[in-house]
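In short: position in the sequence shown from 1, add 5, done, that's this note's numbering.
Even glycine gets a Cβ: it sits at the ideal position worked out from N, Cα and C.
Remember, predicted model here, so these are calculated numbers, not experimental data.
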Amino acid sequence: MKADVHNTQENDGTTTEVSEVGAFQVAPEGHFIRADGAMARILGYDSPEELISRITDIARQFYWNPRERYRLLGRLLEDGGFRNNRAPVRRKDGKVIWVSESARVVRDREGGILYFEGTLQNISRHVHAARKTHRRVPAAPTLRSAEQIRLLSKRESDVYTLLVKGKTNKMVAVDLGISERTVEFHRANLKRKLDVTSLAELIAFDAGAVTAA
């Protein structure tokens with residue numbers, strides 16, 4: 006892992022130097038296991054060791070909106086990774102900054118998840134400039150009614166509950182004592198009934214449904 010400073014091209018074609026890029030690794034349970042000096046500096050910590058020891062729950066201590074962690078977890082599990090996700094996060098001093106984050110899943114030979122690794126950079130200046138010039142800034146997922154969930158069958162509800170916790174089809178099948186094919190069948194029904202197209206959207210839907218309930 007290493008930090009660097011690089012150039013990026015904006016939508017209008019201009020090239021702007023951006024801040025250093027921090028690198029990190031996150032355990033499946035949701036805490037940092039490695040971070041470099043750039044990552045610590047971006048988040049206002051004195052050292053990578055302090056960052057790792059202080060942030061024990063990424064969802065609540067790192068992301069401004071805890072649901073962002075679970076939405077991104079869905080993308081990692083379904084797509085294997087994501088690039089340039091924009092989200093507000095908290096620094097050590099409590100200040101909220103905007104970052105651009107990219108991450109991917111690292112698995113063992115059997116397919117089990119070892120950890121997630123990625124990079125992050127502070128884009129607060131760009132976001133604030135975009136707001137001043139009335140550019141569109143990504144918004145949080147739209148909240149939807151929990152009524153749709155109440156209309157699910159018992160088995161669909163069971164599958165839904167396990168999927169939004171980040172479990173794979175195989176894990177859901179084992180937990181419920183059904184085949185992976187049956188899990189996939191119920192998963193397809195969930196997408197249709199809840200009007201979502203991916204696991205990431207399903208997790209975002211769940212965040213909205215819980216808030217609305």
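Where residue i falls: helix, strand or coil (DSSP)
i             : result
tyrosine 165  : helix
arginine 182  : According to the sequence provided, residue 182 is glycine. The question's arginine does not apply to it. In this structure, glycine 182 counts as coil in the three-state DSSP scheme.
valine 201    : coil
alanine 43    : helix
leucine 82    : helix
glutamate 115 : coil
leucine 148   : Because leucine 148 sits at a pLDDT of 39, beneath the cut-off of 50, its placement in the model cannot be relied upon, and the following sentence gives the value as read from the coordinates. If DSSP states are grouped into helix, strand and coil, leucine 148 belongs with coil.
aspartate 211 : helix
tyrosine 50   : coil
asparagine 70 : coil
Contact belief for residue i with residue j at Cβ below 8 Å, rounded distance in angstroms
i             : j                : result
alanine 28    : methionine 44    : 6 Å
leucine 77    : asparagine 90    : 6 Å
isoleucine 57 : phenylalanine 37 : 5 Å
arginine 109  : isoleucine 102   : In fact, because the Cβ distance is near 23 Å, the residues do not count as touching under 8 Å.
valine 177    : valine 164       : 6 Å
arginine 59   : tyrosine 50      : 7 Å
leucine 204   : glycine 85       : Not really, about 12 Å apart at Cβ, beyond 8 Å.
glutamate 161 : asparagine 174   : Rounded, the Cβ-Cβ distance is 14 Å, inconsistent with contact.
glycine 42    : alanine 64       : Wrong, their Cβ atoms sit about 24 Å apart, outside the cutoff.
Delimiting residues of the beta strand (DSSP E) encompassing residue i
i            : result
tyrosine 120 : 118 to 127
glycine 171  : Element bounds for glycine 171: n/a, residue is neither H nor E.
arginine 95  : 86 to 95
Opening and closing residue of the alpha helix (DSSP H) in which residue i lies
i             : result
alanine 64    : 63 to 66
proline 53    : 53 to 59
glutamate 106 : Where glutamate 106 is concerned, there is no enclosing alpha helix (DSSP H), although the beta strand (DSSP E) it sits in stretches over 101 to 112.
glutamate 152 : 152 to 155
Sheet register partners of residue i (DSSP bridge)
i         : result
valine 26 : Partner(s): none; valine 26 has no beta bridge.
valine 31 : Phe37, Phe121
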